[in-house]
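There are 2 protein chains.
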Amino acid sequence: MDELFKYFDEFYSLNGESREAIEGICSEIQVSKNELLQPFGHTCKTIYYIKSGIARIFYYKDGVDITEYFAFENNIVARVESLFTGKPSKKAIQILEESQIVAIQVPGLFRLYDRFPQIERLFRLIFEAGYVETVNRMESLQFHSAEERYLDLLKKPDIIQRIPLKHIASYLGITQVSLSRIRSTLK
Amino acid sequence: MDELFKYFDEFYSLNGESREAIEGICSEIQVSKNELLQPFGHTCKTIYYIKSGIARIFYYKDGVDITEYFAFENNIVARVESLFTGKPSKKAIQILEESQIVAIQVPGLFRLYDRFPQIERLFRLIFEAGYVETVNRMESLQFHSAEERYLDLLKKPDIIQRIPLKHIASYLGITQVSLSRIRSTLK
DNA sequence: GAGTTCCTTTAACAATTGTTAAATTGTCAT
DNA sequence: ATGACAATTTAACAATTGTTAAAGGAACTC
């Protein structure tokens, strides 16, 4: 659990009492490759902290598997469009590499917001950072070419080195074939 | 100011003390068409509530004017990628229709977060809703065709009826010419 | 209301990306 | 190692979107 609180410290440092409260709604799990951490069609009731490994959020559009997000070690992953609306999500979370994960119960967390303003602030700051990341990604999808987006991605070695190209393609908003073509012209 | 608190009530109802505190960091302004509410290159130090009128967030990519977001009456607008990072924004906010606006000072707001957990909660909820909206928009840009995105937009009559097509085009991530072509095939 | 400017459409052509299918390469279990 | 399966590349063609330029319409100023 130490890693989790170190991660929290990057945003906001909790006092001892708040930490204990958080520990009460957390559990550690190990998940193996290709397993679904969260299935389709269910409301997001758990936030995950990836201690080690990789997860992705994905869904199907017209039968095609589309990756919306990758989460590597030392990061939080959650389907926010369900978490913040309470509605069922059409997205699932899948593990891409055997992972050590801390599961944080959402109903418990929301109750802690009332008792510990520190915890509410911490998660506010965490999700604000996620919001900024999403705005930047939206911007790149709005008016950058597929090649520009791929070149940007090369700056994130984790994704390039550890993720199959088929998932990278859909993450970039293009087909595998198109990505393969772009890669070949860059050689 | 009544409208503002009515808007807040949709997310979280503040008590009297919190309302007074908010009023202390707000001022009402009238802004005329085409004026810049916020210039390029400055850090976001103000959040705006649109009482009446329309605003848009935009920026230039390779010299081309791109609209990232429209805000109509009874909505909040802010450049979150600057607001939440403290970094200067390369985006500006422009008024598209003469507007009545409530300007909320950001440094003051952040100070109120410490004194009034209610206020921190309110804005947490407001920006969580914005986050969800952005995730949904990203999804539509990632794997929907331009025509699908335009058809989706037709469901938002405010945008179609009150915004010039050139701004709608860049908002959809396409050129004016392409949008015009899509419109003509739909007739 | 004449003239100017801006917005939108249309057309022709270029570039990019999608689609389908086949070939190649890589991975994994036995 | 062998076979089976998954991932990636390549190729040919189709569809979509971008680019440039010109023309028509709408809105605004004086």
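Protein sequences appear in the order of chains S and D. Just so you know, this note's numbering puts -5 at position 14 of the first sequence, and the rest follows in order with no gaps. Just so you know, this note's numbering puts 147 at position 166 of the second sequence, and the rest follows in order with no gaps. All C-beta atoms in this analysis are idealised placements derived from N, C-alpha and C, irrespective of residue type, glycine included. Every value quoted in this text rests on a predicted model; they were computed, and no experiment measured them.
Less than 7 Å separating the beta-carbons of K14(S) and E(-16)(S)?
-> Against a cut-off of 7 Å, the Cβ pair of E(-16)(S) and K14(S) comes out as no contact.
CB-CB length for P88(D) against K136(D), believed under 8 Å = Wrong, their Cβ atoms sit about 38 Å apart, outside the cutoff.
Closest Cα partner of F51(S) within the set S161(S), I155(S), D139(S), R164(S) | Out of S161(S), I155(S), D139(S), R164(S), D139(S) has the C-alpha closest to the C-alpha of F51(S).
Applying the criterion that 16 or more other CB atoms from any shown protein chain within 10 Å of the CB defines a buried residue, is P98(S) buried or exposed?
-> That one is buried.
Along the beta strand (DSSP E) that carries K33(D), what are the first and last residues, could you check?
-> The sequence shown places Ser at residue 33(D), rather than the Lys named in the question. In the DSSP assignment, S33(D) falls within the beta strand (DSSP E) that extends over 27 to 42.
F124(D) versus chain S: which residues are under 7 Å apart at the beta carbon?
-> Simply K42, I47, G154.
Short CB-CB distance (under 7 Å) between P88(D) and chain S | It does not; no Cβ of chain S falls within 7 Å.
Note down the Cα distance separating L167(D) from F(-14)(S), rounded to an integer number of angstroms.
-> For L167(D) and F(-14)(S), the gap between their C-alpha atoms comes out near 54 Å.
Sequence-distant residues of the same chain with beta carbon closer than 6 Å to E49(D), five excluded per side = The beta carbon of E49(D) sits closer than 6 Å to those of I38, all from its chain and outside the five residues before and after it, given in chain order.
Secondary structure at Y205(S), three-state DSSP: helix, strand or coil?
-> Outside the shown range of chain S (-18 to 168) lies residue 205(S), about which nothing can therefore be said.
Using a Cβ-Cβ distance under 7 Å, would V158(D) count as near chain S?
-> Not a single C-beta of chain S is nearer than 7 Å to the C-beta of V158(D).
Would you mind reading off the limits of the beta strand (DSSP E) that contains F51(S)?
-> F51(S): member of the beta strand (DSSP E) spanning 45 to 53, first to last residue.
Between L106(S), Y(-12)(S), R0(S), D(-10)(S), which lies nearest to L64(D) when the distance is taken from Cα to Cα?
-> Comparing Cα positions, the closest option is L106(S).
Could you give the DSSP three-state label for L134(S): helix, strand or coil?
-> Residue state, collapsed to three classes: helix.
Based on the DSSP secondary-structure assignment, which residues constitute the bridge partners of L17(D)?
-> DSSP links L17(D) through a beta bridge to Q75(D).
Helix, strand or coil: which one does DSSP assign to T115(S)?
-> It is helical.
Is DSSP giving S126(S) helix, strand or coil here?
-> Three-state DSSP puts S126(S) in coil, outside helix and strand.
Contact with chain S by V58(D), beta-carbon distance below 7 Å = False, the Cβ-Cβ gap to chain S never drops below 7 Å.
Would you list, in chain order, the members of the stretch 107 to 123 of chain S that have their beta-carbon closer than 8 Å to a beta-carbon of chain D?
-> Taken in chain order, the members of the stretch 107 to 123 of chain S whose beta-carbon sits within less than 8 Å of a beta-carbon on chain D are F108, E109, A110, G111, Y112, V113, T115, V116, N117, R118, M119, E120, L122, Q123.
Under a three-way DSSP split, which group does A59(D) fall into?
-> Here A59(D) sits in coil by DSSP.
Where DSSP assigns a beta bridge to A84(D), which residues make up the other side?
-> Answer is S8(D), Y29(D), bridged to A84(D).
For the stretch 122 to 132 of chain D against the stretch 144 to 158 of chain D, are there 3 or more C-beta pairs whose distance is under 8 Å?
-> Contact check between the stretch 122 to 132 of chain D and the stretch 144 to 158 of chain D: three or more CB pairs, one atom from each, fall below 8 Å, which counts as touching.
Can you pull the chain D residues whose beta carbon is under 8 Å from the beta carbon of F65(S), in chain order?
-> Those within 8 Å of F65(S) in chain D are E109, A110, Y112, V113.
Three-state secondary structure (DSSP) of T166(S) = DSSP places T166(S) in helix when its eight states are reduced to three.
Compare the C-beta of P98(S) with all C-beta atoms of chain D and state if any pair is closer than 7 Å.
-> Judged by the 7 Å Cβ criterion, P98(S) is in contact with chain D.
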